[in-house]
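Notes to accompany the following structure.
Protein chains in written order, with the numbering used here: chain A, 1 to 360; chain B, 1001 to 1360; chain C, 2001 to 2360.
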């Protein structure tokens, strides 16, 4: 796709590293160590991955300072303080970063006359922008983004193909919303009649994303009963996450894929929520709470702290319990043995007494 | 977004409540108690939330009859029998409820000439309506709805942006289908060859939603092998739910987010299925079954009843088991102690016998 | 929808079966046994479902060789070696299989001039095909498919409505991608600053699907840091599955709905992963590994083998542990009893000794 190539010496200079081996070798791409082909550069994140070194077909490898190794013929190493960071720093050299067509209004985009679109914003093919929407500078709407009425998208935010924002959604600055995300659908709230029928509770609130929020593909965030479902500044959600109505997520929190957060939950700052975790409604977490993958959180968690299990409890306690459960089958045997030995002893004592009384 | 405002006295009259404090204060919006700002009205659902009262910035609060409290200056209470219901009843006063443009056929909508669209139905921008589809009165298709061939959408149903209906899908009356829902994709059925290859089993059935069904954002319902995957009247499914081929869900059942229901399952009436529950294939549930969040249902459940766990069992039994597991680490200590004490006693008895024999 | 009908004799001849009862009855549709109506044909997969036979309203039933039964009046059986296979073989007779409009370029489809579209490929309404994309023969793009730049779709693949492919996605031949699938969104990778802020790690890799891969509705596959996230030939993923960055799935593996596979996992050949399973990052599975639904896999699994649990362990071990946990509440009672009996025995021995010493 792109024809750029660089010598090992050029790349070493770019990342401030030291060359081992042939500095004039030519590099035209990046890859992970298992998959790298000749002509590509890769990296060893940590000395414990040194075992991959003899097998890689990469022409150049970024290595950490501690690693003692000598490149094969036709291969070079670049020694740097942090090979992973250096690898990422090299990415822009290899990936074409075309300037987006700032100011584009694709002729097929339908923009309501009452909407305000900043001059540099990009509105791609087949976007639908509803009444009174506000789209700030350097926003990119990819094809088929649908903004219902009164939606605001802050400066520099990117909405990928097919994102849907229900009325009154507010997206902050520099947010990144992946394809298929749905913001602001009705909260799942019903009254139950005596006959068990479900009567809909209307939701007049909205969804607010603060600045620098990232949402993964096909994630859904429901709007609030009143007020806002809110995701705090710098928080990142992975794919297929469900955030229910009235939830508040504080800043710099990371939520892995397929997590489900029930209504009115409040998460603290810098939480780290593992994949497929579920949380019941109306609970809170403190700051710096870590919940391990697959947990089911049934009550509020204080922070800082690390939690695991269904129901979630302190991590060390969950591990101890898990270890105990693993011993259970042996425990059963042990208890049957105890029971037998106790019975034997009881009989023995009875026999002893009997003998004694006879002699007595 | 809208400029309507009302006095506390007007709102109290509307909900049949009694004013405490200044009846002439002006209210222009609704919010939840933690977030309400001056000029807004909120509510206290139950007397146990009275602790929020001193902290709210709301100008007006709907309170339950039992609550004894006096409004601050610049604040008013409205006492009503059911504050939550009253709050919801007030919503239409504050949210503009524009009459939809009945009869709209957006010029970009592609409607197959063989389709039948009722005069009052709305077909928004970029909808694609396939051959022989039938769209009844007051249906609203939001932008980018795709109906493949032979789809029927009943009177008054609303399909949000990007909903996709595969061929022969039938949607009843007054259904509400949120953005990103996919109805009628192929059931996940394969034959396995001796070499472990997967050979596709075609699915010629369809999906049928009865009247007043609601489906949350990005939920998927697969079509049946033959006949119909069916969701019963008045049932409500939350976001990101998976309903497999051949499933039948009876009426007035509620299913929370991220639940997965495997092939050929049959759910009874008025079931309440918690978030992230999974069900294996080919099982049934009775009427009025409750399954708690995160459960894994591996066999049929009789109703009425409440179930929990992986695998799901009667709720009281699951709780008892959970409590027992929590005691396990102590139990281990207890058993080691028992073992030691038993050994000591055994030695003691041996010593006793030895002493006795010597004396005997 | 279609008017074709056949006599029982014709259908029996088609599947090589033997007619029991009236061979001249007329059949115009297929259905499952619980739902079949008069005029429809159904099947009994196995002799253990014979209990459904007296209740079905179907006019014709495919039955297995072992089943001894006599059709009612107005009903016929067709005895065949494998009724399920025979049922599926009959499907094409009843379902219209219209020839697709090979070569269609819908006038609303936006195809970049630098893209290559094979003559027989179908590009439906409102598709967006980016720069340098390659679409091979007999590919079908349903409405609203979005291909970003440099996407390749192999011969005979079908992309349903609303599928989104990020740049550089490669789809093999004869793949089937259901509606709402997102391929190639950013991997969920961040650096954490000392203050707990999350700094984005760019991902310059892509997603590669080999031939005959099938992906269910709203499934998401993220692109790799560098190199490719790869799904092997003939593998099938159900709805709402999450495949993270850098994952490699080998050939002929089946993954049920709502499974989540974390970053850099490598799955072997012919794995069978049950619904809602989660896997932590950087682990591997061998060939022919089966993971039961709901499991949480926290370390690598060797194959062939069957695993279950949170954390996943050998299936037999997990079952033994589960059985032990179910006995726990009784175990608690048992231990209390042991404790009491031991205390009683200890007291009894003390009393015995006391008596003996008095007599001694």
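Quick reminder that beta carbons are idealized off the backbone N, C-alpha and C, glycines included.
Note that this is a predicted model, so its numbers are computed, not measured.
Residues bridged to residue i [DSSP beta-bridge criterion]
| i | result |
| --- | --- |
| residue 261 of chain A | A/243, A/279 |
| residue 2313 of chain C | C/2308 |
| residue 2132 of chain C | DSSP output for residue 2132 of chain C lists no bridge partner at all. |
| residue 165 of chain A | A/147, A/183 |
| residue 249 of chain A | A/231, A/267 |
| residue 2192 of chain C | C/2198 |
| residue 1296 of chain B | B/1278 |
| residue 2117 of chain C | C/2135 |
| residue 1301 of chain B | B/1285 |
| residue 1325 of chain B | None, per the DSSP bridge assignment. |
| residue 1291 of chain B | B/1273, B/1307 |
| residue 2159 of chain C | C/2141, C/2177 |
| residue 2122 of chain C | C/2140 |
| residue 2110 of chain C | C/2128 |
| residue 171 of chain A | A/153, A/209 |
Beta carbon proximity, residue i to chain C, threshold 8 Å
| i | result |
| --- | --- |
| residue 1046 of chain B | no |
| residue 217 of chain A | yes |
| residue 1287 of chain B | no |
| residue 1154 of chain B | no |
| residue 1388 of chain B | No information on residue 1388 of chain B is available, as it lies outside the stretch 1001 to 1360 that chain B covers here. |
| residue 9 of chain A | no |
| residue 1240 of chain B | yes |
| residue 188 of chain A | no |
| residue 52 of chain A | no |
| residue 1320 of chain B | yes |
| residue 91 of chain A | yes |
Any chain A beta carbon closer than 8 Å to residue i
| i | result |
| --- | --- |
| residue 2343 of chain C | no |
| residue 1077 of chain B | no |
| residue 1234 of chain B | yes |
Local conformation of residue i per DSSP, three classes
| i | result |
| --- | --- |
| residue 2356 of chain C | helix |
| residue 182 of chain A | strand |
| residue 341 of chain A | helix |
| residue 2142 of chain C | coil |
| residue 215 of chain A | strand |
| residue 1237 of chain B | strand |
| residue 2208 of chain C | strand |
| residue 2256 of chain C | coil |
| residue 319 of chain A | helix |
| residue 225 of chain A | coil |
| residue 104 of chain A | coil |
| residue 6 of chain A | strand |
| residue 272 of chain A | strand |
C-beta neighbour in chain B for residue i, strict 8 Å
| i | result |
| --- | --- |
| residue 126 of chain A | yes |
| residue 2211 of chain C | no |
| residue 2035 of chain C | yes |
| residue 2001 of chain C | With a pLDDT of only 40 at residue 2001 of chain C, under 50, the local geometry of the prediction cannot be trusted, and the value read off the model is given with reservation. With 8 Å as the cut-off, residue 2001 of chain C counts as an interface residue toward chain B. |
| residue 2265 of chain C | no |
| residue 38 of chain A | no |
| residue 112 of chain A | no |
| residue 2143 of chain C | yes |
| residue 250 of chain A | no |
Contacts that residue i makes with chain F (C-beta to C-beta distance below 7 Å)
| i | result |
| --- | --- |
| residue 1316 of chain B | No chain F appears in the structure shown, which is made up of the protein chains A, B and C. |
Touch check for the segment 196 to 208 of chain A and the segment 1162 to 1175 of chain B: three-plus C-beta pairs under 8 Å?
no
If you pair each beta-carbon of the segment 2280 to 2299 of chain C with each one of the segment 1228 to 1247 of chain B, do three or more pairs fall below 8 Å?
no
Okay, do the segment 2207 to 2220 of chain C and the segment 2188 to 2195 of chain C touch, 3+ Cβ pairs below 8 Å being the bar?
no
How do the segment 1017 to 1031 of chain B and the segment 1066 to 1081 of chain B stand: do at least 3 beta-carbon pairs fall below 8 Å, yes or no?
yes
Restricting to runs no shorter than 3 residues, where is the beta strand (DSSP E) found entirely within the segment 2011 to 2098 of chain C?
2018 to 2021, 2040 to 2043, 2060 to 2063, 2076 to 2079
Could you say if the segment 1293 to 1302 of chain B and the segment 1268 to 1275 of chain B meet the contact criterion of at least three C-beta pairs nearer than 8 Å?
yes
May I ask you to verify whether the segment 346 to 355 of chain A touches the segment 1052 to 1059 of chain B, counting CB pairs closer than 8 Å and requiring at least 3?
no
Counting Cβ pairs closer than 8 Å, one from the segment 1083 to 1094 of chain B and one from the segment 1104 to 1117 of chain B, do we hit at least three?
no
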